[in-house]
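Report on the following structure.
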Amino acid sequence: MRFSYLEQIAEYMVRFTHIVAAYRYDDTGIRLIFDRENSWNFDMQRGNSTISIGEAANRGKVYQAPFDVLLAKRFNRSTIQSITLHNHDKIIRITVNTSGSYKSETTILQFEFTGKNTNVIILDKDEVVLEALRHIDKEVSSRCVRVGQVLDDMPKPPYEPKSYPLEDVRAFLVDEFRRRSNDKLNRLKLEKIALLKKRLATLQKHLDGLESESALMEEAEKSQHSGHLVLANLDLIKPYEKSVELNDFDGTPIRLELPSGCHSASGCAESFFKRSKKAKQKAIGLHQERSNLESKIRHHELFIQTVTEASTPEEIALLFPSKTGGSKLKSSDSIAEFWIDGVKVSLGKSEKGNIELLRNAKARDIWMHLKDRPSAHVIITTDKQQLPERLLEAAAKLCVDFSVFEKGAYLVDYTPRREVRVQEGANVLYTNYKTLNVQKG
Numbered sequence: 001m002r003f004s005y006l007e008q009i010a011e012y013m014v015r016f017t018h019i020v021a022a023y024r025y026d027d028t029g030i031r032l033i034f035d036r037e038n039s040w041n042f043d044m045q046r047g048n049s050t051i052s053i054g055e056a057a058n059r060g061k062v063y064q065a066p067f068d069v070l071l072a073k074r075f076n077r078s079t080i081q082s083i084t085l086h087n088h089d090k091i092i093r094i095t096v097n098t099s100g101s102y103k104s105e106t107t108i109l110q111f112e113f114t115g116k117n118t119n120v121i122i123l124d125k126d127e128v129v130l131e132a133l134r135h136i137d138k139e140v141s142s143r144c145v146r147v148g149q150v151l152d153d154m155p156k157p158p159y160e161p162k163s164y165p166l167e168d169v170r171a172f173l174v175d176e177f178r179r180r181s182n183d184k185l186n187r188l189k190l191e192k193i194a195l196l197k198k199r200l201a202t203l204q205k206h207l208d209g210l211e212s213e214s215a216l217m218e219e220a221e222k223s224q225h226s227g228h229l230v231l232a233n234l235d236l237i238k239p240y241e242k243s244v245e246l247n248d249f250d251g252t253p254i255r256l257e258l259p260s261g262c263h264s265a266s267g268c269a270e271s272f273f274k275r276s277k278k279a280k281q282k283a284i285g286l287h288q289e290r291s292n293l294e295s296k297i298r299h300h301e302l303f304i305q306t307v308t309e310a311s312t313p314e315e316i317a318l319l320f321p322s323k324t325g326g327s328k329l330k331s332s333d334s335i336a337e338f339w340i341d342g343v344k345v346s347l348g349k350s351e352k353g354n355i356e357l358l359r360n361a362k363a364r365d366i367w368m369h370l371k372d373r374p375s376a377h378v379i380i381t382t383d384k385q386q387l388p389e390r391l392l393e394a395a396a397k398l399c400v401d402f403s404v405f406e407k408g409a410y411l412v413d414y415t416p417r418r419e420v421r422v423q424e425g426a427n428v429l430y431t432n433y434k435t436l437n438v439q440k441g
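Going by the numbering used here, the sequence shown opens with residue 1, and the numbers climb by one from there.
So this is what it looks like as structure tokens:
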């Protein structure tokens, strides 16, 4: 980001007196909320850093690294003492004061928009590093950024920066948020849709390669018939014969090819019956496999549509959460997991997944389902009796997006899991529910 822009932005920021909340909204992004109208985003990507004003509808992953814990502790509900452009360089320094039960603390939040050295550093009043977004060892750079060490200033730029006046600082930052969001949204859509289409093609190829259940059942019936025919003509079949001329049960002459390696007529009959049983079992297994593949294909088609219709990068980020450990129920072929404002939301991809969700959910978890029509089951893992409306609406939207292709208004019922009674499979009866209206498309 240009020095001139940062200089004007720092001058604009001096109007703020408090920081309501400070947190990391993605791996390299810090959000500072000054008031209801001012959610500022400091995107600290190396070589592509920027500041913007705007807030996503849903906060996805909740970061809990030491940096994030200290960021919240020292800057949530803090009073701003000063905001300056430090050392006449591309560094914005925000100094705040927080008052505790016994003492007040002064802390510095330093945003460094310095190319490959871009960083966010938390300092105490003596400029000792308390934490940093990126820790830098002396082996990597002559300027070390390590906890417990005094932070050295960067050398001043050897040139005089040009001036690029902004007509309206706030409008520039709001436009920057829209531009970055649109660029990121389009990039994510291309990337994620390509990934999903690749998975979809693999599933479709597997489905197309399955044998025909009807052909297997026909083979099973034919082998069973042959076995009964052999048992009815035991005296006409000699040991080790390869074939035999017989009359079928309706009197029609038939030439029967006998299984190889049969020592006796009864052994041939048993071999035919084994063939029949094996073909039946394979047909049943293929039917289940076909059903599972069709469910997965439908889920991926709904997934692609949902990504295509996403309006913000945060919506797509919610659909592709990073893997986290420690949860009892892991993402699987039958269950998808999402994280909304730090709360786990699980969705059944198929009837098997719906059954698994119902079986593993706890009594106080929230269960969701489309009203009066088949849909994916959704479980919000929580022990809270009151959930934010935004969380409920986001989970209900997932329920709709992964259940129907058609655009329109849909009703989603939700209730604690204890109010849901399983009838058969994933069919349920439920009571004491509430209903949300969700618009798709």
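Backbone N, C-alpha and C define an ideal beta-carbon position, used for all residues, glycine too.
Grouping DSSP H, G and I as helix and E and B as strand, with all else coil, what is Asn119?
Along the sequence shown, one-based indexing puts residue 119 at 119. Under the three-state reduction of DSSP output, Asn119 falls in the strand class.
Please state whether the Cβ-Cβ distance between Ile30 and Ser39 is less than 8 Å.
Within the sequence shown, residue 30 is the residue found at index 30, counting from 1. Within the sequence shown, residue 39 is the residue found at index 39, counting from 1. Going by C-beta atoms, Ile30 is not nearer than 8 Å to Ser39.
Could you check the C-alpha separation between Leu256 and Ser271 for me, to the nearest Å?
The residue you call residue 256 lines up with position 256 of the sequence shown. The residue you call residue 271 lines up with position 271 of the sequence shown. Cα atoms of Leu256 and Ser271: separation of roughly 13 Å, rounded to the nearest angstrom.
Of the choices Glu55, Thr118 and Leu185, whose alpha-carbon is the least far from that of Glu309?
Numbered from its first residue, the sequence shown carries residue 309 at position 309. The residue among Glu55, Thr118 and Leu185 with its C-alpha nearest the C-alpha of Glu309 is Leu185.
Starting from Tyr414, trace the beta strand (DSSP E) in both directions and tell me its first and last residue.
Counting from one through the sequence shown, the residue named residue 414 turns up at place 414. Per DSSP, Tyr414 is one residue of the beta strand (DSSP E) stretching across Gly408 to Pro416.
Where Asn247 and Gln288 are concerned, what is the direct C-alpha to C-alpha distance, given to the nearest angstrom?
To locate residue 247, count along the sequence shown from 1; it is residue 247. To locate residue 288, count along the sequence shown from 1; it is residue 288. Rounded to whole angstroms, Asn247 to Gln288 spans 38 Å at the Cα level.
Burial state of His18, where buried means 16 or more other Cβ atoms lie within 10 Å
Taking the sequence shown and counting its residues from 1, one reaches residue 18 at position 18. Counting Cβ neighbours within 10 Å, His18 comes out exposed, since fewer than 16 surround it.
Limits of the unbroken alpha helix (DSSP H) element including Ile92:
Counting from one through the sequence shown, the residue named residue 92 turns up at place 92. Where Ile92 is concerned, there is no enclosing alpha helix (DSSP H), although the beta strand (DSSP E) it sits in stretches over Ile91 to Ser99.
Nearest-angstrom Cα distance between Tyr410 and Gly441?
Counted from its first residue, the sequence shown places residue 410 at position 410. Counted from its first residue, the sequence shown places residue 441 at position 441. Roughly 11 Å separates the two Cα atoms.
Assuming Leu151 and Leu109 make a contact with CB atoms under 8 Å, what is their CB distance in whole Å?
Mapped onto the sequence shown, residue 151 falls at position 151. Mapped onto the sequence shown, residue 109 falls at position 109. The distance from the Cβ of Leu151 to that of Leu109 is about 12 Å, inconsistent with a contact at the 8 Å cut-off.
Might you give, ordered along the chain, the residues of its own chain that have their beta carbon closer than 7 Å to the beta carbon of Leu398, omitting 5 neighbours on each side?
Residue 398 sits at position 398 when you count from the first residue of the sequence shown. The residues are Phe338, Val345, Leu347 and Val378.
On a Cα-Cα basis, can you pick out the residue from Phe42, Ser375, Arg46 and Tyr23 that is closest to Tyr63?
Walking along the sequence shown from the start, residue 63 turns up at place 63. Answer by Cα proximity: Tyr23.
Length of the line joining the Cα atoms of Lys197 and Lys205:
The sequence position of residue 197 within the sequence shown is 197, counting from 1. The sequence position of residue 205 within the sequence shown is 205, counting from 1. Rounded to whole angstroms, the separation of the alpha carbons of Lys205 and Lys197 is 12 Å.
Tell me which same chain residues have a C-beta within less than 6 Å of the C-beta of Asp401, skipping the five on either side of it?
As a first step, residue 401 is located in the sequence shown; it is residue number 401 there, counting from the start. The answer, listed in chain order, is Thr306.
Can you check whether the CB of Lys280 is closer than 8 Å to the CB of Met368?
Here residue 368 refers to the residue found at position 368 when the sequence shown is read from its first residue. Here residue 280 refers to the residue found at position 280 when the sequence shown is read from its first residue. The Cβ atoms of Met368 and Lys280 do not sit closer than 8 Å to each other.
DSSP three-state label for Ile237, please.
Against the sequence shown, residue 237 aligns to sequence position 237. Of the three classes helix, strand and coil, the one that applies to Ile237 here is coil, per DSSP.
Which residues does DSSP pair with Pro388 in a beta bridge?
Here residue 388 refers to the residue found at position 388 when the sequence shown is read from its first residue. According to DSSP, which records beta bridges pairwise, Pro388 is partnered with nothing at all.
Reference Thr312, options Asp341, Leu188, Cys268 and Thr381, closest by Cα
Reading the sequence shown from its first residue, position 312 is the one you call residue 312. Here the closest residue by C-alpha is Leu188.
Starting from Phe111 and walking both ways along the beta strand (DSSP E), at which residues does that stretch end?
Start at 1 with the first residue of the sequence shown, and residue 111 comes out as number 111. Taken as a continuous stretch (DSSP letters only), the beta strand (DSSP E) holding Phe111 covers Ser104 to Glu112.
In whole angstroms, what separates the C-alpha of Pro165 from that of Ser4?
As a working note, residue 165 is residue 165 in the sequence shown. As a working note, residue 4 is residue 4 in the sequence shown. Cα-Cα distance, rounded: 7 Å.
Minimum C-alpha distance to Lys349 - residue among His300, Thr381 and Asn360
Numbered from its first residue, the sequence shown carries residue 349 at position 349. The residue with the shortest Cα to Cα distance from Lys349 is His300.
Following the continuous beta strand (DSSP E) through Glu139, name the residue where it begins and the one where it ends.
What you label residue 139 is simply residue 139 of the sequence shown in a count that begins at 1. Counting along the chain, Glu139 sits inside no beta strand (DSSP E), nor does DSSP assign it H or E at all.
Give the secondary structure of Glu191 by DSSP, where H, G and I count as helix, E and B as strand, and everything else as coil.
Counting from one through the sequence shown, the residue named residue 191 turns up at place 191. In the three-state DSSP reduction, Glu191 falls in the helix class (H, G or I).
Are there 16 or more other CB atoms within 10 angstroms of the CB of Ala215, so buried, or fewer, so exposed?
In the sequence shown, residue 215 corresponds to position 215, counting from 1. Ala215 is exposed by the Cβ-count criterion.
Buried or exposed by the 16-neighbour rule on C-beta atoms within 10 Å, applied to Leu190
Position 190 of the sequence shown, counted from the start, is the residue given in the question as residue 190. Classification for Leu190: exposed.
Using the beta-carbon count (16 or more within 10 Å), is Tyr159 buried or exposed?
Translated into the one-based positions of the sequence shown, residue 159 becomes position 159. Of the residues assessed, Tyr159 falls on the exposed side of the cut-off, its CB having fewer than 16 other CB atoms within 10 angstroms.
Could you tell me the boundaries of the alpha helix (DSSP H) in which Leu293 lies?
The sequence position of residue 293 within the sequence shown is 293, counting from 1. That run of the alpha helix (DSSP H) goes Ala265 to Glu309.
Nearest-angstrom Cα distance between Lys330 and Arg74?
Numbered from 1 along the sequence shown, position 330 holds the residue referred to as residue 330. Numbered from 1 along the sequence shown, position 74 holds the residue referred to as residue 74. Unreliable positioning characterises Lys330 in this predicted model, as indicated by a pLDDT of 49, which lies under 50. The coordinate reading is nonetheless provided below. Distance between the alpha carbons of Lys330 and Arg74 is about 34 Å.
To which residues of the same chain is Gln8 closer than 7 Å at the C-beta, ignoring the five residues directly before and after it?
As a working mapping, residue 8 is identified with position 8 in the sequence shown. The residues are Leu166 and Val169.
For the candidate residues Ala426, Arg390, Leu286 and Lys274, whose alpha-carbon lies nearest to that of Glu213?
As a working mapping, residue 213 is identified with position 213 in the sequence shown. Selected option, being the one with the closest Cα: Leu286.
Nonlocal neighbours in the same chain, by C-beta distance under 8 Å from Gly408, ignoring five residues either side
Walking along the sequence shown from the start, residue 408 turns up at place 408. The beta carbon of Gly408 lies closer than 8 Å to those of Gln439, Lys440 and Gly441 in the same chain, with the five residues before and after it left out.
Just how far apart, CA to CA, sit Arg143 and Ile91?
Your numbering for residue 143 matches position 143 in the sequence shown. Your numbering for residue 91 matches position 91 in the sequence shown. So the two alpha carbons sit approximately 15 Å from each other.
Candidates Ala376, Lys362 and Thr84: closest to Glu351 by CA position
The residue you call residue 351 lines up with position 351 of the sequence shown. In terms of CA proximity to Glu351, Ala376 leads the group Ala376, Lys362 and Thr84.
Span separating the alpha-carbon of Met154 from that of Gly47:
As a first step, residue 154 must be located in the sequence shown, where it is residue number 154. As a first step, residue 47 must be located in the sequence shown, where it is residue number 47. Each residue's alpha carbon lies about 17 Å from the other.
Which residue's Cα is closest to the Cα of Phe67: Lys116, Glu105, Ser276 and Arg146?
By one-based count along the sequence shown, residue 67 stands at place 67. The candidate whose alpha carbon is nearest that of Phe67 is Arg146.
Determine the DSSP secondary structure at Asn186, reduced to helix, strand or coil.
Numbered from 1 along the sequence shown, position 186 holds the residue referred to as residue 186. Asn186 sits in a helix when the DSSP states are folded into three classes.
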